[in-house]
Amino acid sequence: MSLTIDKNTIDYSLYLVTNSEIVPESLDFYDQVEKALQNGVTIVQLREKNLDTDHFIDRARKLHQITKKYNVPLLINDRIDVALAIDAEGVHVGQDDMAAEEAREKIGQDKILGVTVNNERDAMAAIKSTARIDYLGIGSAYSTTTKEMTKPILGPGGIKKILEVLHDGKPEMKSVIIGGLNKYNITRTLNECRYKDFCTNGAAVVSCIMASHDASLATKETLRSINLAYDNEEALHPYKHPNIVQEKPLTHFITNAVAKYFSANVCIAIGGSPIMSELSEEFSFFAKISKGSLCMNTGTMSNASIHMYKKAISEYNAHMVPIIYDPVACGATQPRREIAKMMIEHGRYSVIKGNMAEICSLAGANGVTMRGVDSDLNLNDLEIVDILSKLAVKTQAVIVMTGKKDIIVDGIIPTKKPRVCFISGGHELMGKITASGCALGGVIASYLAVCSYFHTFEAAIDAVALYKEAGYLAGQQSKGPGTFLANFTDELYELSRKPYRLLSTNIIRE
1 MSLTIDKNTI
11 DYSLYLVTNS
21 EIVPESLDFY
31 DQVEKALQNG
41 VTIVQLREKN
51 LDTDHFIDRA
61 RKLHQITKKY
71 NVPLLINDRI
81 DVALAIDAEG
91 VHVGQDDMAA
101 EEAREKIGQD
111 KILGVTVNNE
121 RDAMAAIKST
131 ARIDYLGIGS
141 AYSTTTKEMT
151 KPILGPGGIK
161 KILEVLHDGK
171 PEMKSVIIGG
181 LNKYNITRTL
191 NECRYKDFCT
201 NGAAVVSCIM
211 ASHDASLATK
221 ETLRSINLAY
231 DNEEALHPYK
241 HPNIVQEKPL
251 THFITNAVAK
261 YFSANVCIAI
271 GGSPIMSELS
281 EEFSFFAKIS
291 KGSLCMNTGT
301 MSNASIHMYK
311 KAISEYNAHM
321 VPIIYDPVAC
331 GATQPRREIA
341 KMMIEHGRYS
351 VIKGNMAEIC
361 SLAGANGVTM
371 RGVDSDLNLN
381 DLEIVDILSK
391 LAVKTQAVIV
401 MTGKKDIIVD
411 GIIPTKKPRV
421 CFISGGHELM
431 GKITASGCAL
441 GGVIASYLAV
451 CSYFHTFEAA
461 IDAVALYKEA
471 GYLAGQQSKG
481 PGTFLANFTD
491 ELYELSRKPY
501 RLLSTNIIRE
């Protein structure tokens with residue numbers, strides 16, 4: 001027996017399309033969907049392309065028992081016979097499936113009917129259809145590996161054109177976007193595809209939940225992305241300072257040779273668990289570990305390392321695990337500039353960290369010159385913030401520019417003007433030792449591993465402030481760089497095991 005539903009009040013905001021083939025081996029398909037339902041999924045579509053009819057009906061019936069428990073509609077993809085056999089709440093048909101009019105005739109007027117559209121012509125046909133279509137599935141927004149791509153990729157611009165047709169022709173018809181969507185890109189995609197004040201009613205997702213090793217968290221994070229696009233202030237829960245010692249996050253370092261020893265010691269001092277690996281075959285395993293992150297430093301480059309970088313980025317992005325990218329000396333030579341450009345284009349990062357010249361070079365700012373890892377650039381705060389803000393928005397990452405005064409800019413949470421934070425403090429001896437900047441990347445990575453993606457900005461501020469405070473305290477008791485190294489590690493150890501409090505570090509938010 002199906003749910004009693006009012007089709008006019010169906011919530012399409014977080015639409016889950018199932019895929020049993022991508023569920024991690026150690027997890028159960030039904031448990032995965034139930035965790036999603038428990039944490040905010042509002043409608044479910046069962047899509048199975050490789051099951052025979054009996055097994056499809058059996059799976060649909062079992063899944064329907066779960067969705068009904070949460071009062072969430074279950075739709076069946078393409079198979080009208082399966083939908084009728086289990087009395088599902090509706091069906092979804094593609095352009096290459098049964099015609100919408102025929103589908104409506106078979107399922108009756110009370111069931112939900114959704115149709116896939118890929119262009120303005122499809123949308124207009126759906127509007128004019130006599131099938132009384134309830135919603136449109138607009139896609140594919142981006143490239144995806146969960147379904148064979150036979151139609152053009154729309155992008156936000158293509159979706160916007162379809163929404164214009166819907167706005168002018170039948171604005172009461174609901175819609176969702178689908179294809180390559182996840183917590184990293186949903187917010188901006190929903191905002192960018194708006195036509196005037198008219199927007200789609202939700203986002204349909206597949207792998208970001210079904211392939212996740214933590215479907216509960218993945219669902220919560222995805223829902224927050226959607227709510228942020230709809231200006232829902234409740235999407236962001238209050239930030240709590242993480243207890244790294246208690247959480248014991250894993251940080252995978254791919255870093256330059258001179259930084260490994262110090263970075264590992266610093267990571268251990270704050271309560272993290274470092275691992276150094278450049279073996280590509282291990283990356284998939286590390287990316288699946290709960291409370292993990294990748295700190296990638298490209299200071300020591302080789303022709304062979306480029307493939308390794310790409311492999312690591314792909315694995316961690318696929319599992320939506322935080323990556324901190326440190327483009328060491330990226331503006332020093334033309335090959336380094338080209339590799340840095342490739343890195344930005346190849347993947348998505350939670351934080352991009354570097355000194356002024358590195359960040360400005362990455363942003364393509366004119367007049368940037370470098371001498372090894374040192375910078376030689378004179379800009380005022382207003383000019384720097386402008387450069388950082390543009391890079392943050394472009395990369396949709398938090399930018400951390402280190403120096404005597406660190407500047408952090410948020411490109412993750414969409415605001416009219418990116419959030420900015422200035423952090424002053426530390427000690428001059430921090431600039432007299434090798435790898436202090438590289439090790440900071442590991443501290444940030446440890447914080448991100450145990451925080452929500454939407455609190456990346458706050459977590460980065462916490463990590464940088466801790467680092468500055470430890471540097472100041474260590475500097476007060478050190479004779480020079482040698483004693484500073486030991487004292488700095490000790491202070492990080494002590495501060496990480498005390499209640500959060502800053503005495504010498506100044507934080508100014510704008």
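If you're matching positions, the sequence shown starts at 1 in full-length UniProt numbering and goes up one per residue. C-beta atoms are modelled at their ideal positions from N, C-alpha and C, and glycine is treated no differently. The structure displayed is predicted, hence computed values, not measured ones.
A Cβ-Cβ distance of about 6 Å is found for the pair residue 124 and residue 165, placing them in contact under the 8 Å criterion. An exposed status is given to residue 241, since fewer than 16 other beta-carbon atoms sit within 10 Å of its beta-carbon. Segment contact: the region 411-422 against the region 454-461, three or more CB-CB distances shorter than 8 Å; contact assigned. The shortest CA-to-CA distance from residue 449 to any of 329, 267 and 490 is the one to 267. Within the model, the alpha-carbon separation for residue 231 versus residue 186 is close to 13 Å. Shown here, residue 217 sits in a helix according to DSSP, grouped into three states.
Following the DSSP letters along the chain, one finds residue 77 inside the beta strand (DSSP E) bounded by residues 74-77.
For residue 174, no alpha helix (DSSP H) run applies; the uninterrupted beta strand (DSSP E) run containing it begins and ends at 174-178, by DSSP.
The beta carbon of residue 89 is closer than 7 Å to those of 2, 3, 5, 73, 74, 75, 111 and 112 in its chain, skipping five residues each way along the sequence. Contact fails between the region 274-287 and the region 15-24, because fewer than three Cβ pairs, one in each stretch, are under 8 Å apart.
Contact holds between the region 417-437 and the region 473-484, because three or more Cβ pairs, one in each stretch, are under 8 Å apart.
Comparing C-alpha distances from residue 133 to each of 504, 175 and 191 shows the shortest one belongs to 175. Sixteen is the threshold: when 16 or more other Cβ atoms of the shown chains lie within 10 Å of the Cβ of residue 353, as they do, the residue is buried.
Note on geometry: alpha-carbon atoms of residue 120 and residue 157 lie some 12 Å from one another. Beta-bridge annotation (DSSP): residue 399 is paired with 352 and 409. Here DSSP, grouped into helix, strand and coil, assigns residue 301 to coil. Looking at the DSSP output, residue 326 bridges to 297. Assignment of residue 252 by DSSP, reduced to helix, strand and coil, places it in the strand class. The residues 100 and 101, in chain order, have a CB closer than 7 Å to that of residue 129 in the same chain once the five nearest residues on each side in sequence are set aside. Note on the region 101-173: whole beta strand (DSSP E) runs with a minimum of 3 residues are 112-117 and 135-139, in chain order. In this structure, the alpha-carbon of residue 219 lies about 15 Å from that of residue 70.
Rounded to the nearest whole angstrom, the C-alpha separation of residue 97 and residue 103 is 10 Å. Spatial neighbours of residue 470 in its own chain (CB-CB distance under 7 Å, excluding positions within 5 residues in sequence) are listed in chain order as 488, 491, 492 and 495.
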